[in-house]
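Novice: Please find one structure pasted underneath; my questions will follow.
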Amino acid sequence: MRLTGDFHTHTIYSHGKNTIEENVVSAMQKGLSSICITDHGGGHLFYGVKEKELRKMRDEINLLREKYKDINIYFGIEANIISVDGTIDADKWLNMFDYLLVGMHYLIRFDKFMYYYFMNFFARYMGLFKNYCRKRNTEIFIRCINKYDNIFAFTHPGERFFVDIDKLSKACAKKNIALEINNRHGYMTAQDAKIAVNNGAKILVSSDAHKSSEVGNIEKCLNILKDADIKTFQIINIEED
Ligand SMILES: [Zn+2]
Ligand SMILES: [Zn+2]
8 MRLTGDFHTH TIYSHGKNTI EENVVSAMQK GLSSICITDH GGGHLFYGVK
58 EKELRKMRDE INLLREKYKD INIYFGIEAN IISVDGTIDA DKWLNMFDYL
108 LVGMHYLIRF DKFMYYYFMN FFARYMGLFK NYCRKRNTEI FIRCINKYDN
158 IFAFTHPGER FFVDIDKLSK ACAKKNIALE INNRHGYMTA QDAKIAVNNG
208 AKILVSSDAH KSSEVGNIEK CLNILKDADI KTFQIINIEE D
């Protein structure tokens, strides 16, 4: 199995350690044909990228495209869901991105604070409100799916926030949204990934690199793919050797 593109990488614009160019060079050295830069949406309290910086990133990527012709360089974002109605924190700039990735994260401004942080925390770490949170988080994802037409993938589903992967993956399959197996977090789990592909959803594997040296690293993902017995055709960014 060969990774063709890494569509989830961070840079110094959020909490990555390296520049966009360093991520690009690393991707080329690892033989990837595509790389996408996806820093965090503006709703993230510490790492969110503001409009001015987004414009700078877009310009920088356009220049790098001229400089490095052997690789496809894309500008994306890892947007955060910030409301129970499924709204994300990149609404105003959607036409600036080549790829829209969406996830649920801590440290963001969410409109239902108690639910988002306390109940989900209790659910994850103490087993309280687990079924309630799973149902409600899934509804939030589905509203997000219905609200936007250009979501490329959901990042690390099931990490920290429980989801009903059966329901979510069916909705994703209908709108051609991929579900990520994330090398950094180890989510989706093999169990969830198997349910997702059985429902016809596609898988995206990503490094979620926070250093340029991590771009293209997918060892953990490969183990999950193997455990879930997922075939190459079910993954959008892997091809046979
Ligand atoms: Zn993330
Ligand atoms: Zn990330």
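Numbering (my numbering), first residue to last: 8 to 248.
C-beta: ideal position from N, C-alpha, C; glycine also.
1. Taking DSSP's pairing of strands, which residues face residue 79 in a bridge?
2. In the structure shown, what three-state DSSP assignment does residue 60 receive?
3. Within a Cβ cutoff of 7 angstroms, which residues of the same chain sit near residue 98, ignoring the five residues on either side of it in sequence?
4. Is the region 182-195 touching the region 209-219 in the sense that three or more CB pairs, one from each, lie closer than 8 angstroms?
5. Among the residues of its own chain, which have a CB less than 6 angstroms from the CB of residue 208, if the five just before and after it don't count?
6. Where does the unbroken beta strand (DSSP E) through residue 16 begin, and where does it stop?
7. Would you kindly check if the distance between the Cβ of residue 155 and the Cβ of residue 95 is under 9 angstroms?
8. Taking the alpha-carbon of residue 216 as reference, which of 91, 9 and 29 has the nearest alpha-carbon?
9. Measuring straight from C-alpha to C-alpha, what distance separates residue 115 and residue 65?
10. In chain order, what residues of the same chain lie with their CB nearer than 8 angstroms to the CB of residue 104, ignoring the 5 residues before and after it?
11. Using the beta carbon as the reference atom, which residues fall closer than 6 angstroms to any heavy atom of ligand 1, ordered along the chain?
12. Give the single residue among 198, 31 and 201 whose Cα lies nearest to the Cα of residue 220.
13. How big is the Cα-Cα spacing for residue 102 and residue 121?
14. Measuring only the C-alpha atoms, how far is residue 195 from residue 93?
15. Is residue 45 near ligand 2, judged by its Cβ being under 8 angstroms from some heavy atom?
16. Candidates 113, 112, 169 and 149: which alpha carbon is nearest residue 139's?
17. Tell me the DSSP secondary structure of residue 204 in three-state form.
18. Check whether the region 43-51 and the region 15-24 touch, using three or more Cβ-Cβ pairs below 8 angstroms as the test.
19. Among 230, 78, 13 and 87, which one has its Cα closest to the Cα of residue 55?
Specialist: So, from the listed chains and residues:
1. 41
2. helix
3. none
4. yes
5. 176, 179, 180 and 186
6. 12-16
7. yes
8. 29
9. 23 angstroms
10. 82, 83, 84 and 97
11. 85, 110, 112, 162 and 163
12. 31
13. 32 angstroms
14. 20 angstroms
15. yes
16. 169
17. helix
18. yes
19. 87
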